[in-house]
Amino acid sequence: MIVETRLKFLNNQPVARGNYILYWMQQSQRAEWNHALEYALYRANDLDLPLLVCFGLNSDYPLATARHYRFMLEGLKETAKALEEKGVKLVVRIGNPPAVTAQLAEKAALTITDCGYLRLQRQWRQEAASKIKCPLIQVESDVIVPVEEASAKEDYTAGTFRPKILRQLHEYLQPLKAAKAKRDSLGLNIESENCDDISGLMLKLNFADEDNLLDWIHGGTGEAKKRLEQFIENKLDRVPDERNDPAKNCVSRLSPYLHFGQISPIFVALAIRESGSRGSDIFLEELIVRRELAMNFVYYNPNYDSLTCLPDWALISLKNHADDRREYLYSLADLEAAQTHDQYWNAAQKELLLRGHMHGYMRMYWGKKILEWSPSPREAFQQAVYLNDRYSLDGRDPNGYAGVAWCFGKHDRAWGERPVFGKVRYMNEAGLRRKFDIDSYVEQIEAL
DNA sequence: ATCGGCTCGCGCAA
DNA sequence: TGCGCGAAGCCGAT
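When the letters of the first sequence are read in order and numbered with the numbering used here, they come out as residues -14 to 433.
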């Protein structure tokens, strides 16, 4: 049914006498291509019990703002409907997710959950595991190859990680059969927030900040699939030549959907592969090798969001240059307001503010310059993480932390020594001009 | 325009 | 122990 290496038993409780099986949805916020959901359905049908899905909504997730919550709620609304069609009720409650779950688990025979690797998500699962009096089973559904199977340790670069994950791909990059509930839970009388009322929920969560909302992108599995289809149809062939060009818009913008678990990486990878496009290999390298290297990074490195996550050569080298004179120094407020001397950097920051998204190539340049213009590498790292987490729709994601860390030397090799950067790879605006029509990018952003 | 060097550590071959 | 190789760039030599 579900491959055993996707499962992890988080406590030692025996199956209880309960009224239902509970699936605590948190990372995989979707009703299709969801291994945790399918495993829960399988156990529910096997035990002849209904399946109840719960979601804990807390309004104080660090650095999450109105744009993130609305995107997530749009997705949940659609997911609630799709679950209903399978005979499954979704209970959404405001509160600390493990507490919400533990309460509903009192009447559950068995609790299933999905899997994210950030510090807070792991704490939540630990907290729930200690409170719940029935088994709590974690099912991995947001990476293609389960993290511990892909590699037993933190990998040094993509070069070491790539062969490890690619040789296991055939085993895990497989379609998932969808089941329906034998006994439905729709009639269960259990209190829930109304997922259809997104603006009402936003108010309850104390988010009335209309300024921070985005109108060019909306959450949900349907939206994600539409974007994927259009990307394959219109852009994938151009990926080998144009993916790095900020002026070309040759990007999928699927990362927010992957971040909130609104689309399955397996579904995306299979669709890309089946397209047979000349861009498939490069896209799959980014979706699988790079994305899952980021998972490997946050899973094995507890310091993933601070400077100390770096390899020794980078840490030592940056320290050796801590006292170098900085030609430009900006405060967090300067950076946040996109007010530097560099129009390319300002454009990238404005894209982040206005779209909640930044072109992949500009993310590198943007992070490198924060390192160059901050009083210390430590402050630079914190500021880059803060800005990305707060403004990017895909903030607070393993890819975001790995991306910032890369700018400071993570997953990279040493390069020629220079001021401030030491041996960390340097980037400059001449590179942008040499390779791209970067002024066109600036114009596009200014037009927003 | 194109190309090699920069520099480090992993991981495999011996 | 030695050595090939990575890898989303820059820079100076040709």
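Each residue gets a CB set at the ideal place from its N, CA and C atoms; glycine is no exception.
Check	Outcome
Beta carbon of CYS39 nearer than 7 Å to that of VAL(-12)	no
Neighbourhood of GLU357 by C-beta, 6 Å cutoff - its chain only, sequence neighbours within 5 removed	VAL405
Nearest candidate by alpha-carbon position, reference TYR157, set ILE129, GLU431 and LEU255	ILE129
Whole-angstrom C-beta distance between ALA67 and ALA16, which should lie under 8 Å	3 Å
Exposure of GLU312, with buried meaning 16 or more beta-carbon neighbours within 10 Å	exposed
Closest by C-alpha distance to LYS149, when choosing among ALA135, GLY204 and THR142	ALA135
Cβ contact (3+ pairs, closer than 8 Å) linking the segment 51 to 69 and the segment 90 to 106	no
Assumed close pair TRP302, VAL409 - CB separation to whole angstroms, cut-off 8 Å	According to the sequence displayed, residue 302 carries Ser and not Trp. Yes, they are in contact, since the Cβ atoms of SER302 and VAL409 sit about 7 Å apart, within 8 Å.
From ALA163, ASN(-4) and HIS203, residue whose alpha carbon lies closest to that of LYS116	ASN(-4)
At least three beta-carbon pairs within less than 8 Å, the segment 236 to 253 to the segment 207 to 214	yes
Residues near THR96 by beta carbon distance below 8 Å, same chain, minus five either side	ILE6, LEU7, TYR8, TRP9, THR86, ALA90, ALA113, ILE117, CYS119, PRO120, LEU121 and ILE122
Inter-residue CB distance, CYS294 and GLY352 (contact presumed, cutoff 8 Å)	In fact, because the Cβ distance is near 14 Å, the residues do not count as touching under 8 Å.
Cutoff 6 Å; reference GLU336; Cβ partners in own chain excluding five residues on either side	MET343 and ILE430
Contact set for LEU272: own chain, Cβ-Cβ below 8 Å, skip 5 residues either direction	PRO250, VAL253, ALA254 and ILE257
Ranges of the alpha helix (DSSP H) found wholly within the segment 329 to 415, counting only runs of at least 4	345 to 358, 362 to 376 and 383 to 392
Inter-stretch contact at 8 Å, needing at least 3 Cβ pairs: the segment 212 to 224 / the segment 261 to 272	yes
Euclidean distance between Cα positions of LEU466 and ASN4	Since the displayed the chain opens at -14 and closes at 433, residue 466 lies outside it and no answer follows.
Endpoints, beta strand (DSSP E) assigned at LYS210	Unbroken run through LYS210 is the alpha helix (DSSP H), 206 to 219; no beta strand (DSSP E).
Every unbroken alpha helix (DSSP H) within the segment 41 to 99, with a cutoff of 4 residues, ordered by chain	51 to 70 and 82 to 90
Under 7 Å between C-beta atoms of TYR27 and MET(-14)	yes
Straight-line Cα distance separating THR145 from ASN288	21 Å
Rounded C-alpha distance that separates ALA29 from ASP99	16 Å
Reference ARG2, options LYS92, GLY72 and TRP18, closest by Cα	LYS92
Beta-carbon spacing of VAL132, LEU(-8) below 7 Å	no
Identity of the residues DSSP links to TRP109 by a beta bridge	Answer is none; TRP109 lacks a bridge partner.
C-alpha gap between LEU22 and ASP127, whole angstroms	12 Å
Reference ASP374; option with closest CA among GLN14, ALA49 and ALA25	ALA49
Within 7 Å, strictly: CB atoms of GLY388 and ALA299	no
Assigned exposure category for PRO231 - 16 Cβ within 10 Å defines buried	buried
Nearest to GLN328 (by Cα), restricted to the options ASP379, GLU277, ILE423 and SER316	ILE423
Buried or exposed by the 16-neighbour rule on C-beta atoms within 10 Å, applied to LEU188	exposed
Under the three-state DSSP convention, the category ALA429 falls into	Note on residue identity: the sequence assigns Gln, not Ala, to residue 429. Residue state, collapsed to three classes: helix.
Helix, strand or coil at CYS294 [DSSP, three-state]	helix
Residues that TYR8 bridges to, as DSSP identifies them	VAL38 and ILE97
Within 7 Å, strictly: CB atoms of TYR371 and PHE192	no
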